[in-house]
Each structure stands twice: as C-alpha cells, then as structure tokens.
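Residue numbers (the numbering used here): 373 to 472.
Glycine residues also receive a C-beta, built at the ideal position from the N, C-alpha and C atoms.
Working notes, structure below.
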Amino acid sequence: MFSVDHPYYKLLDPETGEIATSYFDDEPRRGYSESLEAEMVVYRRRVSEIVNALVDAGFEVERIEEPGYADPDAYESDFGSFEPELMAKVPPTLVVAAEK
C-alpha cells in the first residue's frame, strides 16, 4: 500500500482553483520543503502510469482510494501546501493497495 499526491490535485492553482498546467506535463517540479529542510524533486505521473507500472511489475491492484471531504471545514488547518478549499473539490491524495 502506498499513497502519492493525487495527479488531479496538483494541476490546479491553489488560489484560483483553475487548471494551471497540463495533466500530460511530466516535467519534474523542483522546490524546497520547509518541514524537511531539504530540496525536493517531484515527478508527476498520470493515474494510468501508476496503475500500469504496478500491473507490468506483476502486482494485482486490490483497491484505489481517493480520500477527502466535500466540506472544507472538515479538514484540519495545517496541511502544508494543501488548501482545504481546494481539497474539498479535488482529492489531494491517491492511495493504492496492491499485492504480488
């Protein structure tokens, strides 16, 4: 079982909620994590890439979950770069359970 930032969530501008980039853009994003005090490189992957990589490696996907709430007030206040107003519209996380 693992979780990743939901590919749809990272497409949106947190201030406007508008689509800010292409779903098909797979260029690495570079940034700095204050909480980890480290430079980070994040690679965007489409849902199909994630699932197909598991299947190609011989895993059986058992479940895919996209946890979230429709009410922004249901979220705690500190989610780092995640915005409760946006999380109420698009799931911030994709959770995959797979077994080999």
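Beta bridge pairing from DSSP links R402 with V413. DSSP places D428 inside the alpha helix (DSSP H), whose first and last residues are V419 to D428. Taking a C-beta distance under 8 Å as the contact criterion, V467 and P439 qualify as a contact pair.
The C-alpha of P379 is placed about 22 Å away from the C-alpha of A410.
Runs of beta strand (DSSP E) with 3 or more residues, each lying fully within the stretch 432 to 467, are found at 432 to 437, listed in chain order. Distance check between A392 and each of L384, P463 and G430 places L384 closest, using alpha-carbon atoms only.
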